[in-house]
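Read the structure below first, then the notes.
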Amino acid sequence: MKKILVPIDFSIFSEYALEVAARLTRTHKAELVVFHMLGISESVFVANEAAEKAEAKYYLSMAKERFATFLDKDYLTGIKITEIIQNYKVFSEINELAKEIEIDLIVMGSHGSKGLSEFFVGSNTEKVVRTSTVPVLVVKKRRPNFKIENVVFACDFKIENLYAFIHAVKLFTEYEAKINLVYVNRPNEYFITKTELDKRISYFMSKVRDQSLENIEVAYVTDYSIEHGIMEYCKKIQADLVAIPTHGRKGWAHFFVGSLGEKMANHAHLPVMTFRI
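The C-terminal residue of the sequence shown carries number 444 in the numbering used here, and the numbering is unbroken.
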């Protein structure tokens, strides 16, 4: 991992993300890229009027001053930091920047509070997750001792999730983390037998090439809700984060659609990392 990007809006949530990103950056001796989007009218930057040009300079200078204050943190000492200020107006454009400067991971804060299926909905974070082709790590509270040692990867073992899983294995292997693959078996029309599931898992794992599978375990859990089953398992094993394959055209977590997320109170305090299918 060489470059980690943190979008900054100067809120407490982006400060949570910054501190976590700093820990990851230090671990990998990587470069930390902090990015602020002004989101103001392009006319201000292309105007010929002296007053509007002065306004543009004012916005830029203010952003630089806020950056200087925001980045005055002891935990950033010794870390290589690159500051970027651009006039993007929509968060989906962060993916363009990530591609341009070859970002390996995006770390963002979120104020979502109603479980995993509500974690990103309607937020700027959801827009980034939906469009990002690189992994996105989302945190919603301060985690000064953040680590990646025990990870849950939510999976239905369909082949469309293979690329996301391989990507996750590569990343988590860098941390020598244990990866717990978790399948939630639900009742009624969603139920499949253990024999059927074993066949699906065997076929899925047979397609994972050139990756060590030594530190990977598979777990089946039974629950009425995928979300609840995963989060209860995370609690049971004291997971550091939950990883989820995402599908851009279907939203942030396609297999959580219709789940009981609305009824799950505060379960998404656990960091969530998304991997694009």
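Here a beta-carbon is modelled for each residue, glycine too, at the ideal position from N, C-alpha and C.
Keep in mind the model is a prediction, meaning the values are calculated, not measured.
Problem set entry | Presumed contact (8 Å Cβ cut-off) between Y242 and E186, rounded CB distance | Confirmed, about 6 Å.
Exercise. Going straight from the alpha carbon of M204 to that of D176, what length do you get?
Worked result: Rounded to whole angstroms, M204 to D176 spans 8 Å at the Cα level.
Exercise. Ends of the alpha helix (DSSP H) at I448?
Worked result: No information on residue 448 is available, as it lies outside the stretch 168 to 444 that the chain covers here.
Problem set entry | Continuous beta strand (DSSP E) stretch holding E198: start and end | Start and end: E198 to M204.
Exercise. What is the DSSP secondary structure of A344, counted as helix, strand or coil?
Worked result: Residue state, collapsed to three classes: coil.
Exercise. For L380, which of I346, A321, L408 and R309 has the nearest alpha-carbon?
Worked result: Checked all of I346, A321, L408 and R309; the closest Cα to L380 is I346.
For this session: Write down the C-beta distance between T441 and I397 rounded to the nearest angstrom, noting that I regard them as a contact closer than 8 Å.
Result: Not a contact, Cβ separation roughly 14 Å.
Exercise. Helix, strand or coil: which one does DSSP assign to M154?
Worked result: Because the chain spans 168 through 444 in this model, residue 154 falls outside it and cannot be assessed.
For this session: Kindly list the residues whose CB is nearer than 8 Å to the CB of G289, restricted to its own chain and excluding five residues on each side of it in sequence; keep chain order.
Result: The pLDDT assigned to G289 is 45, lower than 50, so where the model puts this residue is not dependable; a value taken from the coordinates is nonetheless given after this. Excluding residues within five positions, none has a Cβ falling inside 8 Å.
For this session: Determine which residues share a DSSP beta bridge with P354 and list them.
Result: In the DSSP secondary-structure assignment, P354 is not bridged to any residue.
For this session: With a threshold of 16 other CB atoms inside 10 Å of the CB of A265, please say whether the residue is buried or exposed.
Result: It counts as buried.
Problem set entry | F320 classed as buried or exposed, judged by whether at least 16 other C-beta atoms fall within 10 angstroms | In summary, F320 is buried, with 16 or more beta-carbon neighbours lying within 10 Å of its beta-carbon over all protein chains present.
Exercise. Under three-state DSSP, which class holds E250?
Worked result: Assigned with DSSP and collapsed to three states, E250 falls in strand.
Exercise. At what residues does the beta strand (DSSP E) containing N312 begin and finish?
Worked result: First-last for N312: undefined, no H or E at that position.
Exercise. With contact counted as at least three CB pairs below 8 Å, one residue from each stretch, are the segment 380–389 and the segment 342–358 in contact?
Worked result: A contact exists between the segment 380–389 and the segment 342–358.
Exercise. Shortest alpha-carbon distance to L196 belongs to which of Y183, P174 and K169?
Worked result: This sequence places Lys at residue 196; Leu is not what is there. Minimum Cα distance to K196 is reached at K169.
Problem set entry | Contact check, L238 vs L304, beta carbons under 9 Å | Cβ atoms of L238 and L304: not closer than 9 Å.
Problem set entry | Rounded separation between S299 and I383 - CA only | In this model, S299 and I383 are separated by some 26 Å (Cα to Cα).
Exercise. Which class does A265 belong to by DSSP, given the choice of helix, strand or coil?
Worked result: A265: helix per DSSP, three-state reduction.
Exercise. How big is the Cα-Cα spacing for I252 and V200?
Worked result: I252 and V200: Cα-Cα distance of roughly 11 Å.
Exercise. Which whole-angstrom value is the C-beta distance of R193 and I248, which I expect to be below 8 Å?
Worked result: Contact between R193 and I248 does not hold, since the beta-carbon distance rounds to 12 Å and is not under 8 Å.
Exercise. In chain order, what residues of the same chain have a beta carbon less than 7 Å from the beta carbon of T292, not counting five sequence neighbours either side?
Worked result: Excluding sequence positions up to five before and after T292, its CB lies within less than 7 Å of the CB of M275, S277 and V305, all in the same chain and listed in chain order.
Problem set entry | Residue(s) in a DSSP beta bridge with P412 | For P412, the pairing in a beta bridge is given by DSSP as F442.
For this session: Can you give me the start and stop residues for the beta strand (DSSP E) that I326 sits inside?
Result: Neither: I326 is in no beta strand (DSSP E) and is coded neither H nor E.
For this session: Enumerate in chain order the residues of its own chain whose CB-to-CB distance from N328 is below 7 Å, with the five nearest sequence positions on each side excluded.
Result: Closer than 7 Å at the Cβ level, and outside the excluded window around N328, lie C322, P412 and I444.
For this session: Starting from the C-beta of I368, find all residues in its chain whose C-beta is less than 7 Å away, skip the five residues before and the five after it, and write them out in chain order.
Result: Cβ within range, chain order: F324 and V385.
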